[in-house]
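Residue numbers (the working numbering): 113 to 345. Think of the CB as a built atom: it goes at the ideal place given N, C-alpha and C, for glycine as much as any other residue. Please read these numbers as outputs of a predicted model, since none were measured by experiment. These notes are about the structure you will find just below.
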Amino acid sequence: MTRLRFLTRALHGLLPAAGTLMLLHATAAPAAVIAEGTYTISSPERRAVPFRMVLTPSGARITPAVGETLVFSYEKKSALIIDSASRSYFLLPLELVPPLIATGLGYNPNGIGATASGASKTLLGQSCSEVLVSGNAPRFTLLACRAADPEWSRDYARLERAVGLPWTGANPPAIFVGLPLSGRIDVEGARPYRASWEITRLSRDERAGEDFTVPAGYRMDLERILSLQGPGR
């Protein structure tokens, strides 16, 4: 569970060349959105982790500089976790991701709501609107500056909806699930947690994909699967 912690947090958290893209859409599959940045934890420990996120219409791939790679497939409705350090992997159904995030962060997913704060700014040349997600017992705050342009946000919105994060239900406004170019997360209570992130580079790559495949020679980590099932499952 602890080795998944960065990736589940980063999920909250934690992903323009218009003329060229118009031609690509006419002749090939849409180019993947590549978002690169840094996720910085300030409590309970202090560390900064660079990451790279690949977003496509069919899935996503999040690769931190240190730690496990997390790959999503919307067609398979599964998440693939790859640990290069131990040359192992395991699979999870997407429906298990939200409770793992809530457990890893220590918040209650019930009663969480989202609202637009009304603030806006420009990041990486993109117009962004500030969206606040909050809850209680313990107090939970996720403040993110989300990109308004659907050309950059559409595939990230698919990720949040596929995973089923609490604020994606009931067809929220598009900006509520836009690509978060910067933000912070605070969880109070018995296990306080604070972190922030910033995407510093946005690009497109027609050759990139989520690549939902197990690397050759890797073994399935059955112990991890059993530990995540927990008692009574």
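- For alanine 197, the number of other beta carbons within 10 angstroms of its own is below 16, and it is reported as exposed.
- DSSP places leucine 167 outside any alpha helix (DSSP H); the residue lies instead in the beta strand (DSSP E), whose first and last residues are 159 to 168.
- In the structure shown, the three-state DSSP call for phenylalanine 324 is coil.
- The count of Cβ pairs closer than 8 Å, one atom from the segment 317 to 336 and one from the segment 164 to 173, reaches three, so the stretches are in contact.
- With a cutoff of 9 Å on beta-carbon distance, tyrosine 151 and alanine 307 are scored as near each other.
- Rounded to whole angstroms, the gap between the alpha carbons of glycine 329 and leucine 212 is 27 Å.
- Residue pairing from DSSP places leucine 254 in a beta bridge opposite Val245 and Ile297.
- Measuring C-alpha to C-alpha distances from serine 185 to each of Glu207, Asn220, Arg159 and Pro304 identifies Glu207 as the nearest.
- Residues of the same chain with a CB within less than 7 Å of the CB of glutamate 187, apart from the 5 flanking positions on each side, are Ser170 in chain order.
- Aspartate 267: member of the alpha helix (DSSP H) spanning 262 to 275, first to last residue.
- Between isoleucine 311 and leucine 254, the C-beta gap is not smaller than 9 Å, which leaves the two residues out of contact.
- Beta-bridge annotation (DSSP): aspartate 195 is paired with Ser200.
- Nearest neighbour of valine 243 by Cα position, chosen from Gly295, Glu322 and Glu335, turns out to be Gly295.
- By the criterion of a C-beta distance shorter than 7 Å, threonine 280 is surrounded in its chain by Glu272, Arg273 and Val289, once the five residues flanking it on both sides are discounted.
- With a 10 Å radius around the Cβ and a threshold of 16 neighbouring Cβ atoms, arginine 303 comes out exposed.
- Here the C-alpha atom of lysine 233 lies approximately 16 Å from the C-alpha atom of tryptophan 264.
- Excluding its 5 nearest sequence neighbours in each direction, glycine 223 has C-beta neighbours in its own chain below 6 Å: Gly247, listed in chain order.
- The continuous alpha helix (DSSP H) containing threonine 215 extends over residues 209 to 217.
- The C-beta distance from arginine 331 to serine 200 rounds to 5 Å, short enough to fall under 8 Å.
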